[in-house]
Amino acid sequence: MSVILRKRKNSDGTTSLLLDIYNNGKRSYEFLKNSKLCKPVTALDRKNNRERLNLAKQICNKREQQIQSDEYDVSPEFRKGIDFVDFFESYLDKYNKKDKRVMNACFNKFKEFLKAESITERSSKKLSANIIIRFKEYLVENLNGSTPSTYFKKFKKVLRYGIREKIFSSEIPVLLGSRGNELKVQAIGGIKKDILSFDEIQILADTDLSNHEIKRAFFFSCYTGLRFCDIKILQWKNIQGKRLKITQQKTNVPVSVNLNNIALHLLGKIGNGDELIFTLPSHTACLKNLKNWCKKAKINKHITWHCARHSFGTGLVFHGGDVKNVSSLLGHTSLTYTGQYVRESDKLKEKAVENLPEINI
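Each number in the working numbering comes from the position in the sequence shown (counting from 1) with 17 added on.
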């Protein structure tokens, strides 16, 4: 195996630098971008050429280390010094799967953790098992429901990519282990997010909100179970008579929801096919309005937009909806998710029985 830095004269007088790589009986060439040497005229030209040539030699040495490390399954020292936060961010820049929004949220939570724990050393060499375990505990302590488990799974996806790129010390692969025998956050069953009863939804309806579009869209979510990302892009062509048909952004699962009289009333006057039904500000702005609205209505719960979806699912089960049908209406990929609404509905039924008025016997 060999990696040799070579020069190639160009017709315009410049010189291109390239790596001549011979490995496993095969030869390949890699041209070095932005490392072309100019035809020197001045002292500055010669100085720039020397600097570019020195940089090319360093790249050549690192490329040789990289090939050797891949061949012998060891990690070169220069890779272990990579800034892990930059590595994470670079990974996200190239990431284009459906769960990118969750991956970004996980990244932001990791940066928040580093700041909260006063961890200033960010190199992959210093990313120890202890830090990863502390991050796992931080997620559990600061987030609810299945979110800690979801975020930690996304974080491990980045770690596994880092393992393939050989940027970590040996303890990280050992920590992750094999599938089924790895460090993970146990998902907590049941809905931990607050839900709204229909009495509370009525209280909100009776409470003023300056942004009528947010009020209208939130209630529409309460009666259809649509996520914010789907509500924001909902178009009139998704409404077919008394039925809503849309392919969910998050799961790419098509759903068809029958619209009751309240949902139809919330739609208002029918518009053109490609026209948006709701004109909403950013997700952050909507949450801020929602928080102030609930406070004004004296509803002491942590209500987010997703709570409308949870309220819809729980309400369906509470009022006799079949689990399979509820799962279909919500576009769940597994009945396991729908089971959360069954458990929450059972709790509401127990509470309803406990709240029956007493009589003297």
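Don't be surprised by glycine CBs; every beta carbon is placed ideally from N, CA and C. These numbers come from a predicted model, not from an experiment.
For the pair the segment 103-119 and the segment 62-73, tell me if three or more CB-CB distances fall below 8 Å. no
When we look at the beta-carbon of D223 and count the other beta-carbons within 10 Å, is it buried (16 or more) or exposed? exposed
What residues match up with K262 in a beta bridge as DSSP calls it? S273
Keeping to the same chain, check which residues put their C-beta closer than 6 Å to that of F130; ignore five residues upstream and five downstream. F152, Y155
Please report the Cβ distance between H300 and F245, rounded to the nearest whole angstrom; I am assuming they are in contact, meaning their Cβ atoms lie under 8 Å. 6 Å
DSSP-derived helix/strand/coil call for K114: coil
Please report the straight-line C-alpha distance between Q82 and K174, rounded to a whole angstrom. 25 Å
Nearest to A314 (by Cα), restricted to the options K232, G330, S238, T241: K232
Ignore the nearest five residues each way along the sequence and tell me which others in G206's own chain have a CB closer than 6 Å to its CB. Its pLDDT being 49, under 50, G206 is placed unreliably in this model, and the coordinates cannot settle the point.
Pick from R181, K262, N125, T296: whose alpha carbon is nearest that of G242? K262
Work out the CA separation of S28 and S19 for me, nearest whole Å. 28 Å
Simplified DSSP assignment, three categories, for L35: strand
Hey, T321 and L304 are a contact pair by Cβ (cut 8 Å); roughly how many whole angstroms apart? 6 Å
If W253 sits next to N278, beta carbons under 8 Å apart, how far is it from one beta carbon to the other, in whole angstroms? About 19 Å; that fails the 8 Å criterion.
Mapping the DSSP letters down to three states, classify F295 as helix, strand or coil. coil
Please list the terminal residues of the continuous alpha helix (DSSP H) segment that includes I220. 215-222
Own chain, CB closer than 6 Å to R139, minus 5 neighbours either side, in chain order: D100, F101, V102
On the CB-based measure, 16 or more other CB atoms within 10 Å of its CB, does K215 come out buried or exposed? The sequence shown places Phe at residue 215, rather than the Lys named in the question. Label assigned to F215: exposed.
State the start and end residues of the unbroken beta strand (DSSP E) segment that holds F24. Reading the sequence as shown, one finds Lys at residue 24 and not Phe. Unbroken beta strand (DSSP E) run through K24: 19-26.
Using the C-alpha atoms, what's the distance from T32 back to I2? Summary: the structure shown does not reach residue 2, with the chain confined to residues 18 through 378, and so no result is reported for it.
Using DSSP's beta-bridge definition, name the partner residues of E68. Answer by DSSP bridge pairing: none, since E68 is not bridged.
For the segment 99-174, which segments carrying the alpha helix (DSSP H) assignment without a break, of at least 4 residues, lie completely within its bounds, in sequence order? 101-111, 117-133, 146-159
Give me the Cβ distance between C123 and F172, rounded to the nearest whole Å; I'm assuming they're in contact under 8 Å. 6 Å
For the beta strand (DSSP E) containing R244, list its first residue and its last residue. No beta strand (DSSP E) holds R244; DSSP gives it neither H nor E.
Between the CA atoms of N121 and N147 - distance to the nearest angstrom: 23 Å
In angstroms, rounded to a whole number, what distance separates the CA positions of P57 and G30? 9 Å
Nearest by alpha-carbon distance to K308: which of N71, C324, T264 is it? C324
Determine the direct distance from the alpha carbon of R181 to that of Q257, and round the result to whole angstroms. 48 Å
Have a look at R177, H319, A73, H229 and flag the residue whose alpha-carbon is nearest the alpha-carbon of S141. R177
Per DSSP, F185 forms a beta bridge with which residues? None, per the DSSP bridge assignment.
Using C-beta distances below 7 Å, list every residue in its chain close to Y112, excluding the 5 sequence neighbours before and after it, in chain order. M120
Cβ neighbour criterion (16 or more within 10 Å) applied to N51: exposed
Between E230 and F127, is the Cβ-Cβ spacing less than 8 Å? no
Mapping the DSSP letters down to three states, classify I279 as helix, strand or coil. helix
Can you tell me the Cα-Cα spacing of F169 and R25, whole angstroms? 49 Å
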